[in-house]
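Participant:
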Amino acid sequence: MTVRQADFLMAIATILMSLGLMWSSTDGLAIGWVSGKGPGSGFWPFWLAVGMLLCSLATLVRWFLRHTPESRSTEIYMSRSAVVVVGTSVGALIALLVGIHIVGTYFALLAFLLFYLKVIGRHEWPLTVMLVGGIPVFIFSLFEWALQIPLPKALTEEWFYPVFDIMYETDYFWMYILGSFLFLGAVSLALHKFLPGQDR
Amino acid sequence: METILISLAGGLLQAFEPLNLMMIVLGCTVGLFVGAMPGLGSVNGVAILLPITFLVPPTAAIIFLAAVYYGAMYGGAISSITLGIPGASTAVATVFDGRPLAMAGKADQALTAAAIASFIGGTISVVLFTLFAPPLADFALKFGPPEEFALMVLAFATFIGLGGDDIPKTIFSILIGLVLAAVGLDIISGKPRLIFFDASGFLHGVNFLVLAIGIYGIGEMLWTLETTGGKVIVHKVKMSVAGFMANIRSVRTYIKSTSLGSVLGYFVGTLPAAGATPASLMSYGLAKTFSRDPDSFGKGNIAGVAAPEAANNAASTGSMLPMITLGIPGSPTTAILLGGMIIWGLRPGPLLFTERPDFVWGLIGSLYVANLFTVLINLAFIPVFVRVLTLPFTVLAPVIFVLCIVGGYAPTQTMHDVWLMLLFGVMGYLMRKLNYPVAPAVLAIVLGPLAERSLRQSLLSSQGDVLIFVERPISATCIALAAALMLYPLFLAWRRRREAAAGDSGSHPGASG
Numbered sequence: 001m002t003v004r005q006a007d008f009l010m011a012i013a014t015i016l017m018s019l020g021l022m023w024s025s026t027d028g029l030a031i032g033w034v035s036g037k038g039p040g041s042g043f044w045p046f047w048l049a050v051g052m053l054l055c056s057l058a059t060l061v062r063w064f065l066r067h068t069p070e071s072r073s074t075e076i077y078m079s080r081s082a083v084v085v086v087g088t089s090v091g092a093l094i095a096l097l098v099g100i101h102i103v104g105t106y107f108a109l110l111a112f113l114l115f116y117l118k119v120i121g122r123h124e125w126p127l128t129v130m131l132v133g134g135i136p137v138f139i140f141s142l143f144e145w146a147l148q149i150p151l152p153k154a155l156t157e158e159w160f161y162p163v164f165d166i167m168y169e170t171d172y173f174w175m176y177i178l179g180s181f182l183f184l185g186a187v188s189l190a191l192h193k194f195l196p197g198q199d200r
Numbered sequence: 201m202e203t204i205l206i207s208l209a210g211g212l213l214q215a216f217e218p219l220n221l222m223m224i225v226l227g228c229t230v231g232l233f234v235g236a237m238p239g240l241g242s243v244n245g246v247a248i249l250l251p252i253t254f255l256v257p258p259t260a261a262i263i264f265l266a267a268v269y270y271g272a273m274y275g276g277a278i279s280s281i282t283l284g285i286p287g288a289s290t291a292v293a294t295v296f297d298g299r300p301l302a303m304a305g306k307a308d309q310a311l312t313a314a315a316i317a318s319f320i321g322g323t324i325s326v327v328l329f330t331l332f333a334p335p336l337a338d339f340a341l342k343f344g345p346p347e348e349f350a351l352m353v354l355a356f357a358t359f360i361g362l363g364g365d366d367i368p369k370t371i372f373s374i375l376i377g378l379v380l381a382a383v384g385l386d387i388i389s390g391k392p393r394l395i396f397f398d399a400s401g402f403l404h405g406v407n408f409l410v411l412a413i414g415i416y417g418i419g420e421m422l423w424t425l426e427t428t429g430g431k432v433i434v435h436k437v438k439m440s441v442a443g444f445m446a447n448i449r450s451v452r453t454y455i456k457s458t459s460l461g462s463v464l465g466y467f468v469g470t471l472p473a474a475g476a477t478p479a480s481l482m483s484y485g486l487a488k489t490f491s492r493d494p495d496s497f498g499k500g501n502i503a504g505v506a507a508p509e510a511a512n513n514a515a516s517t518g519s520m521l522p523m524i525t526l527g528i529p530g531s532p533t534t535a536i537l538l539g540g541m542i543i544w545g546l547r548p549g550p551l552l553f554t555e556r557p558d559f560v561w562g563l564i565g566s567l568y569v570a571n572l573f574t575v576l577i578n579l580a581f582i583p584v585f586v587r588v589l590t591l592p593f594t595v596l597a598p599v600i601f602v603l604c605i606v607g608g609y610a611p612t613q614t615m616h617d618v619w620l621m622l623l624f625g626v627m628g629y630l631m632r633k634l635n636y637p638v639a640p641a642v643l644a645i646v647l648g649p650l651a652e653r654s655l656r657q658s659l660l661s662s663q664g665d666v667l668i669f670v671e672r673p674i675s676a677t678c679i680a681l682a683a684a685l686m687l688y689p690l691f692l693a694w695r696r697r698r699e700a701a702a703g704d705s706g707s708h709p710g711a712s713g
């Protein structure tokens, strides 16, 4: 697909989006003047969406007249390598979000990081282990412990009960966090020692 | 003047409180890293880190984010010089002379100059900020809904007149941001609206962070993954104490153009559409024009590194002026800060100075301190930053993605918003590739609720008469300026056409002319 074709498709998409927004703004809402109450609830979004429609139409007209650089460009919109790198990342992100709904944030993160670092990045095991283990521990201590914002855990909710017991019962939870990082560091070092340059 | 000095002293004291000081040091360091990473700039750092600041009180939170903002402006120069890739768009002009200097083995000289120039820019601009902010806030106290609305129209008009992007696409971006802000319960009647597919997640509206993290976190990472492909070449940097002192002494060769660039940067920075990137480019141009040796620019002139770096730091302070005094952000980064202030329960605008002087002066005081700390941390850790830049993107990208996902979840704690964020990220990336500017949309979603309320209140008080916006002097001035800005591109196009026509008839004497 060339940039010119993509520009045309995007203009069509924005026109449809504007029409959808206009329709949605009139859905049971007043778009004009309501006597005694001023402009109705749908007034602001409706007229903004009309503006969006006009802009999209202007883009389309300029596309026909070849006024903009994008409407003249015959370059490839996304090269094959771009599709691969962006597509894999977006795919992995979608899988991560689906995973959060099923196995919860932390286990989905493990899988996502493992995939990204090992399959896409092809990094060595020590670094992979450090990050795959370290990032979820960091996120857990930041959100569940410090910010007290529980992240979704779905099916694995119960697995965290023992951790919460420790977290709420001791004032020294930071020692456990530090301990997990030290443990991960030790594992990484051991791997570094016993798997020297194995997958470089 | 005396009251300003007293308040400033109070603010400085506040900046030195242990928690705030810690936030400054932490923010500067994080900001330096964020700025140094190719593809990540202040706006990305602030958007991704904002949810984490719920940990500390509002004053400490904004101090942290302002320090990140500052640090990122300094840090942008590091990758511009050592990698030849601008760390952020604000550091593009730094590449022009920074890269040739690095190739000639003078990377240390360029890095030191960038740090010192940033310090000069930061200092000059923060002094200007202290002088301008209180009177401007006093003046803005007179504003009613019509003035507020007119001011917002003016802010958006700067994108159309000065943004330099495709105009229909710019307006589209502004409008879609405003519409997204309208999703959810109507602020006046309480009626639900724009509940797409009857999804209950839309009832609480679209949080501005969902759009900001989507575009500046996920979208930006996708963009960077595509453009760099993860491959970068780093230039070696050798630092020594003797060389460092010599570099410090060379300040006098560029102090004049740097100071000029700082003042310019500050004022350009206060305009919502302009900001740090054009400010640094203009400052570069200015330094070149007034240089005794303009030909050496682009081939490794140290002033060509210093001038843009001073300007982009000055612009970042400048963009905070309208945010603090008027409640209108001067840049996408300050738009996110403004959204954060609303989350923290503060009402940005002129009343902030009278209602929460501790907050405002704490922020101003911290800008002075942050400026000093950033230059020290920067100079001390240049070798470390350079080492970090060799991290492959396949390590950085998943870390940023994870921060985006959990950061998108934190404000409202629904997965609905996380999915929406991913959608915005991918859409933003695809649209950005077609030259749709994304910054106006982020500014618009933050200002949207305020814009709608002030418009409807104005219309209600005038019984639907739109003339209310031109009958009051301040709002009439804003509307007139906005109209001029919107017509400016048309004028440019008309003049270009006329010049082209004149050129044509000139080159073909005796033709139709």
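Keeping their order, the protein sequence lines are chains A and B. Those letters in the first sequence? Residues 1 to 200, per the working numbering, in order. Those letters in the second sequence? Residues 201 to 713, per the working numbering, in order. C-beta: ideal position from N, C-alpha, C; glycine also. Bear in mind the structure is a predicted one, so any value in this text is a computation, not a measurement.
CA-CA distance, residue 149 of chain A and residue 303 of chain B?
Facilitator: In the first sequence, residue 149 of chain A corresponds to position 149, counting from 1. In the second sequence, residue 303 of chain B corresponds to position 103, counting from 1. If you take the alpha carbons of residue 149 of chain A and residue 303 of chain B, they lie about 48 Å apart.
Participant: For residue 272 of chain B, which residues in the same chain have their Cβ closer than 7 Å to its Cβ, ignoring the five residues on either side in sequence?
Facilitator: As a working mapping, residue 272 of chain B is identified with position 72 in the second sequence. The residues are 231, 234, 235, 241, 242, 245, 288.
Participant: With 16 other CB atoms within 10 Å as the buried threshold, where does residue 634 of chain B fall?
Facilitator: In the second sequence, counting from the first residue as 1, residue 634 of chain B sits at position 434. That one is buried.
Participant: Which chain A residues are close to residue 597 of chain B, counting only those with a beta carbon under 8 Å from its beta carbon?
Facilitator: Position 397 of the second sequence, counting from 1, holds the residue named residue 597 of chain B. Within chain A, the residues near residue 597 of chain B are 89, 116.
Participant: Taking residue 7 of chain A as the query, report the chain B residues whose CB atoms sit under 8 Å from its CB, ordered along the chain.
Facilitator: Within the first sequence, the letter at position 7 stands for residue 7 of chain A. Residues of chain B passing the Cβ test: 634.
Participant: Between residue 320 of chain B and residue 528 of chain B, is the Cβ-Cβ spacing less than 9 Å?
Facilitator: In the second sequence, counting from the first residue as 1, residue 320 of chain B sits at position 120. In the second sequence, counting from the first residue as 1, residue 528 of chain B sits at position 328. Cβ atoms of residue 320 of chain B and residue 528 of chain B: not closer than 9 Å.
Participant: Does the contact criterion of 3 or more C-beta pairs under 8 Å hold for the segment 254–273 of chain B versus the segment 214–227 of chain B?
Facilitator: Segments in contact, yes.
Participant: Hey, how far is the Cα of residue 343 of chain B from the Cα of residue 334 of chain B?
Facilitator: Residue 343 of chain B sits at position 143 when you count from the first residue of the second sequence. Residue 334 of chain B sits at position 134 when you count from the first residue of the second sequence. Using only the alpha carbons, I get a separation of about 15 Å.
Participant: What whole-angstrom Cβ distance do residue 384 of chain B and residue 404 of chain B have, given they're in contact under 8 Å?
Facilitator: Along the second sequence, read from residue 1 onward, the residue named residue 384 of chain B stands at position 184. Along the second sequence, read from residue 1 onward, the residue named residue 404 of chain B stands at position 204. That belief holds up - the Cβ atoms of residue 384 of chain B and residue 404 of chain B are roughly 6 Å apart, short of 8 Å.
Participant: Which residues in the same chain have their Cβ closer than 7 Å to the Cβ of residue 396 of chain B, if we skip the five residues on either side of it in sequence?
Facilitator: Position 196 of the second sequence holds residue 396 of chain B. Correct list, in chain order: 402.
Participant: How far does the alpha helix (DSSP H) with residue 402 of chain B in it extend, from its first residue to its last?
Facilitator: One-based indexing of the second sequence puts residue 402 of chain B at position 202. Unbroken run through residue 402 of chain B: none, as it is neither H nor E.
Participant: For chain A, check one thing: does any of its Cβ atoms lie closer than 9 Å to the Cβ of residue 420 of chain B?
Facilitator: Looking up residue 420 of chain B in the second sequence gives position 220. No, its Cβ sits nowhere closer than 9 Å to a Cβ of chain A.
Participant: Could you pull out every residue in the same chain whose Cβ sits closer than 7 Å to the Cβ of residue 132 of chain A, ignoring the five residues on either side in sequence?
Facilitator: Taking the first sequence and counting its residues from 1, the one referred to as residue 132 of chain A is at position 132. Correct list, in chain order: 110, 113, 114, 117.
Participant: Quick check: the Cα distance between residue 330 of chain B and residue 530 of chain B, rounded to an integer number of angstroms?
Facilitator: Taking the second sequence and counting its residues from 1, one reaches residue 330 of chain B at position 130. Taking the second sequence and counting its residues from 1, one reaches residue 530 of chain B at position 330. Computed Cα separation, rounded: 16 Å.
Participant: Kindly indicate the opening and closing residues of the alpha helix (DSSP H) around residue 23 of chain A.
Facilitator: Taking the first residue of the first sequence as 1, we reach residue 23 of chain A at position 23. Run containing residue 23 of chain A: 3–26, per the alpha helix (DSSP H) assignment.
Participant: Using three-state DSSP, classify residue 240 of chain B as helix, strand or coil.
Facilitator: The count along the second sequence starts at 1 and reaches residue 240 of chain B at position 40. Residue 240 of chain B: coil per DSSP, three-state reduction.
Participant: Rounded to whole angstroms, what is the Cα-Cα separation between residue 309 of chain B and residue 315 of chain B?
Facilitator: Here residue 309 of chain B refers to the residue found at position 109 when the second sequence is read from its first residue. Here residue 315 of chain B refers to the residue found at position 115 when the second sequence is read from its first residue. If you take the alpha carbons of residue 309 of chain B and residue 315 of chain B, they lie about 10 Å apart.
Participant: Of all the CB atoms in chain B, is at least one closer than 9 Å to the CB of residue 62 of chain A?
Facilitator: Stepping through the first sequence from its first residue, residue 62 of chain A is reached at position 62. Closer than 9 Å to some Cβ of chain B, the Cβ of residue 62 of chain A qualifies, so yes.
Participant: Mark residue 446 of chain B as exposed unless 16 or more other C-beta atoms lie within 10 angstroms of its C-beta, in which case mark it buried.
Facilitator: In the second sequence, counting from the first residue as 1, residue 446 of chain B sits at position 246. Looking at its Cβ environment, which holds fewer than 16 other Cβ atoms inside 10 Å, residue 446 of chain B is exposed.
Participant: Can you give me, in chain order, the residues of the segment 601–623 of chain B that have a beta carbon less than 8 Å from any beta carbon in chain A?
Facilitator: Listed in sequence order: 601, 602, 605, 606, 609, 610, 613, 615, 618, 619, 622.
Participant: Could you spell out the range, first to last residue, of the alpha helix (DSSP H) harbouring residue 201 of chain B?
Facilitator: The residue you call residue 201 of chain B lines up with position 1 of the second sequence. From DSSP, residue 201 of chain B is part of no alpha helix (DSSP H); its letter is neither H nor E.
Participant: Measuring only between beta-carbons, confirm whether residue 368 of chain B sits less than 9 Å from chain A.
Facilitator: The residue given as residue 368 of chain B occupies position 168 in the second sequence. Interface residue, yes.
Participant: Going along the chain, which residues of the segment 8–37 of chain A sit with their C-beta nearer than 7 Å to a C-beta in chain B?
Facilitator: For the segment 8–37 of chain A, which is checked against every Cβ of chain B, the residues closer than 7 Å are 10, 14, 21, 24, 25, 29, 33.
Participant: Consult DSSP for residue 547 of chain B and reduce its assignment to one of helix, strand or coil.
Facilitator: Position 347 of the second sequence, counted from the start, is the residue given in the question as residue 547 of chain B. Three-state result, residue 547 of chain B: coil.
Participant: What three-state label does DSSP hand residue 393 of chain B in the structure shown?
Facilitator: Within the second sequence, the letter at position 193 stands for residue 393 of chain B. Strand, per DSSP.
Participant: Looking at the secondary structure, which residues open and close the alpha helix (DSSP H) in which residue 596 of chain B lies?
Facilitator: Here residue 596 of chain B refers to the residue found at position 396 when the second sequence is read from its first residue. First-last of the alpha helix (DSSP H) with residue 596 of chain B: 593–609.
Participant: Is the Cβ-Cβ distance between residue 225 of chain B and residue 293 of chain B less than 9 Å?
Facilitator: Residue numbering aside, residue 225 of chain B sits at position 25 when the second sequence is read from its first letter. Residue numbering aside, residue 293 of chain B sits at position 93 when the second sequence is read from its first letter. Contact: no.
Participant: Which residues in the same chain as residue 16 of chain A place their Cβ atom closer than 7 Å to its Cβ, once the five residues preceding and following it in sequence are excluded?
Facilitator: For this step, residue 16 of chain A is matched to residue 16 along the first sequence. Within the same chain, residue 16 of chain A has no close Cβ partners at all.
Participant: What residue range does the alpha helix (DSSP H) around residue 420 of chain B cover?
Facilitator: In the second sequence, the residue the question calls residue 420 of chain B occupies position 220. First-last of the alpha helix (DSSP H) with residue 420 of chain B: 420–428.
Participant: Provide the residue(s) that pair with residue 76 of chain A in DSSP beta bridges, ordered along the chain.
Facilitator: Walking along the first sequence from the start, residue 76 of chain A turns up at place 76. Partner(s): A:2.
Participant: Throw me the rounded Cβ distance for the residue 479 of chain B and residue 515 of chain B pair, which I believe falls under 8 Å.
Facilitator: Translated into the one-based positions of the second sequence, residue 479 of chain B becomes position 279. Translated into the one-based positions of the second sequence, residue 515 of chain B becomes position 315. Contact flag correct, Cβ pair sits at about 4 Å.
Participant: Compare the Cα-Cα distances from residue 613 of chain B to each of B:251, B:206, B:678 and report the closest residue.
Facilitator: By one-based count along the second sequence, residue 613 of chain B stands at place 413. Ranking B:251, B:206, B:678 by Cα distance to residue 613 of chain B puts B:251 first.
Participant: Do three or more CB pairs link the segment 80–87 of chain A to the segment 421–428 of chain B at distances below 8 Å?
Facilitator: The segment 80–87 of chain A, when compared against the segment 421–428 of chain B, does touch it at the 8 Å Cβ threshold.
Participant: Hey, could you find the ends of the alpha helix (DSSP H) residue 441 of chain B is sitting in?
Facilitator: As a working mapping, residue 441 of chain B is identified with position 241 in the second sequence. Here the alpha helix (DSSP H) through residue 441 of chain B covers 441–449.
Participant: Please list the partners that residue 391 of chain B has in chain A, where partner means a Cβ-to-Cβ separation under 7 Å.
Facilitator: Against the second sequence, residue 391 of chain B aligns to sequence position 191. By Cβ distance, chain A contributes 29, 41.
Participant: Is it a yes or a no for the segment 364–382 of chain B touching the segment 641–650 of chain B, going by three-plus beta-carbon pairs under 8 Å?
Facilitator: The answer is yes - the segment 641–650 of chain B touches the segment 364–382 of chain B, with three or more Cβ pairs under 8 Å.
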